[in-house]
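**Student:**
Residue numbers (my numbering): 4 to 295.
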């Protein structure tokens, strides 16, 4: 066969070849796979594991503003940079700093109790959701994709905030670091959340089967449950160490921009499978696995 005929034949075969689905992965995501070690996700996610503070709730500001709020209630003007001084401290350590530095008469226990009451009031009465977060959660509910919260915060405060915002019916549960005696530098909490999501998916599948006409099968063997793998669950986080932890366990990761993590923005963006500044980005796109 002449060279011209061979070329023409190859072009014809290429034109007739079935087109593949548009890949969900971007060039940035391809690069992330080599750095994060996560398994390649499927075409669709089957569940979401979402952090709360800085990811769904616009709440990180309260943790840097606690000292100023406490002092303001006592008629004391806070020094510049107090937030940077107190942020890395525990509540007890922060209380002691305020006592020593501002000459407060209260005991450490009293200051801690007052600080915790400020936090409690904030979550019950003030906190708001991040841009597009409410719409995203409601979309997940509409599509039957279960969402579980994985947080370092207290479960009662999170529930209180979600009830006030009308989002409590969009989640199937909350897991906290304290109940598993862990933190987010390790993927323990994400694995526990995934186990709960698996049970939710199995339960919903069983409920659907009871309302369907049984298929005729010679063997009458029961359907096997599909065991999900980590990459079928999307983990949403706003901090680098948490994204890295979830990624190391093979989860599909979505980095969420937050002012408190601005210093790590580039690293989070680089490591995450997806990075968003607003949840409406996911709702608007037609790219898998968030093609709704």
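A virtual CB, placed ideally from N, CA and C, is assigned to each residue, including glycine.
1. Rounded to the nearest angstrom, what separates residue 208 and residue 143 at their Cα positions?
2. Please report the straight-line C-alpha distance between residue 98 and residue 166, rounded to a whole angstrom.
3. Counting only runs that start and end within the stretch 68-113, where is the alpha helix (DSSP H) found for 4 or more residues in a row?
4. State whether the stretch 131-140 contacts the stretch 48-67, with contact taken as three or more CB pairs (one from each stretch) at a distance under 8 Å.
5. Pop quiz: residue 282 and residue 164 are said to be a contact at Cβ under 8 Å. What is the actual Cβ separation, rounded to whole angstroms?
6. So, does the stretch 100-119 touch the stretch 69-80, judging by three or more C-beta pairs under 8 Å?
7. Would you report the Cα separation of residue 278 and residue 106, rounded to the nearest angstrom?
8. With the cut-off set at 7 Å, would you say residue 253 and residue 234 are in Cβ contact?
9. Short of 6 Å in beta carbon distance, which residues of its chain neighbour residue 149, apart from the five on each side in sequence? Order them along the chain.
10. With distance defined between alpha-carbon atoms, name the residue in 78, 47, 66, 52 nearest to residue 87.
11. So what does DSSP say about residue 169, is it helix, strand or coil?
12. Can you give me the Cβ contacts of residue 237 inside the same chain, cut-off strictly under 6 Å, excluding the 5 residues immediately before and after it?
13. Can the beta-carbon of residue 54 be found less than 7 Å from the beta-carbon of residue 240?
14. Please look up how many angstroms separate the CB atoms of residue 185 and residue 192, rounded, as I've assumed it's under 8 Å.
15. For the beta strand (DSSP E) that contains residue 236, what are its first and last residues?
16. Could you pull out every residue in the same chain whose Cβ sits closer than 8 Å to the Cβ of residue 270, ignoring the five residues on either side in sequence?
17. Tell me residue 53's beta-bridge partners as DSSP assigns them.
18. Which residue wins for smallest C-alpha separation from residue 205, given the options 125, 247, 93, 147?
19. Is DSSP giving residue 244 helix, strand or coil here?
20. Just to confirm my understanding: we take residue 155, look at its own chain, exclude 5 residues before and 5 after, and list those with CB closer than 6 Å. What are they?
21. Who are the Cβ neighbours of residue 111 in its own chain at under 7 Å, not counting the five residues just before and after it?
22. What did DSSP end up calling residue 288 once you bin it into helix, strand or coil?
23. Spatial neighbours of residue 249 within its chain, please: CB distance less than 7 Å, with the 5 preceding and 5 following residues excluded, ordered by chain position.
24. Just reading off the beta strand (DSSP E) that residue 258 is part of, what are its end residues?
25. So, residue 173 versus residue 127, is the Cβ gap smaller than 7 Å?
26. Straight-line CA distance for residue 80 to residue 197?
27. In chain order, what residues of the same chain have a beta carbon less than 7 Å from the beta carbon of residue 114, not counting five sequence neighbours either side?
**Tutor:** Taking the definition as stated:
1. Their Cα atoms are separated by approximately 17 Å.
2. Computed Cα separation, rounded: 30 Å.
3. The qualifying runs are 85-89, 94-105.
4. With the cut-off at 8 Å, the stretch 131-140 and the stretch 48-67 touch.
5. The Cβ separation is near 17 Å, so there is no contact.
6. Proximity of the stretch 100-119 to the stretch 69-80 meets the contact definition, three or more beta-carbon pairs being nearer than 8 Å.
7. Cα to Cα, residue 278 sits roughly 45 Å from residue 106.
8. Yes; because the gap between Cβ atoms is below 7 Å, this pair is in contact.
9. Closer than 6 Å at the Cβ level, and outside the excluded window around residue 149, lie 50, 175, 200, 203.
10. Of the listed residues, the one whose Cα sits closest to residue 87 is 66.
11. The three-state reading of DSSP puts residue 169 in coil, since its state is none of H, G, I, E or B.
12. Residues 48, 51, 255, 257 of the same chain have their beta carbon placed closer than 6 Å to that of residue 237, with the five preceding and five following residues left out of the count.
13. Less than 7 Å separates the beta-carbon of residue 54 from that of residue 240.
14. Right, their Cβ atoms sit about 6 Å apart.
15. Here the beta strand (DSSP E) through residue 236 covers 236-240.
16. Hits under 8 Å: 243.
17. Looking at the DSSP assignment, residue 53 forms a beta bridge with 152, 239.
18. With distances taken between Cα atoms, residue 205 lies closest to 147.
19. Residue 244 falls in the helix class under three-state DSSP.
20. Here the set comprises 180.
21. Take residue 111, set aside five residues on each side of it, and the residues of its chain with a beta-carbon closer than 7 Å to its own are 95, 98, 99, 102, in chain order.
22. In the structure shown, residue 288 sits in coil (DSSP, three-state: anything other than H, G, I, E or B).
23. Counting only residues of its own chain and dropping the five nearest sequence neighbours on each side, residue 249 has a CB closer than 7 Å to the CB of 190, 193, 238, 240, 256.
24. Counting along the chain, the beta strand (DSSP E) containing residue 258 begins and ends at 255-259.
25. No, these two residues do not count as a Cβ contact at 7 Å.
26. So the alpha carbons of these two residues sit roughly 46 Å apart.
27. For residue 114, where only same-chain residues beyond five positions count, the Cβ hits under 7 Å are 98, 101, 102, 107.
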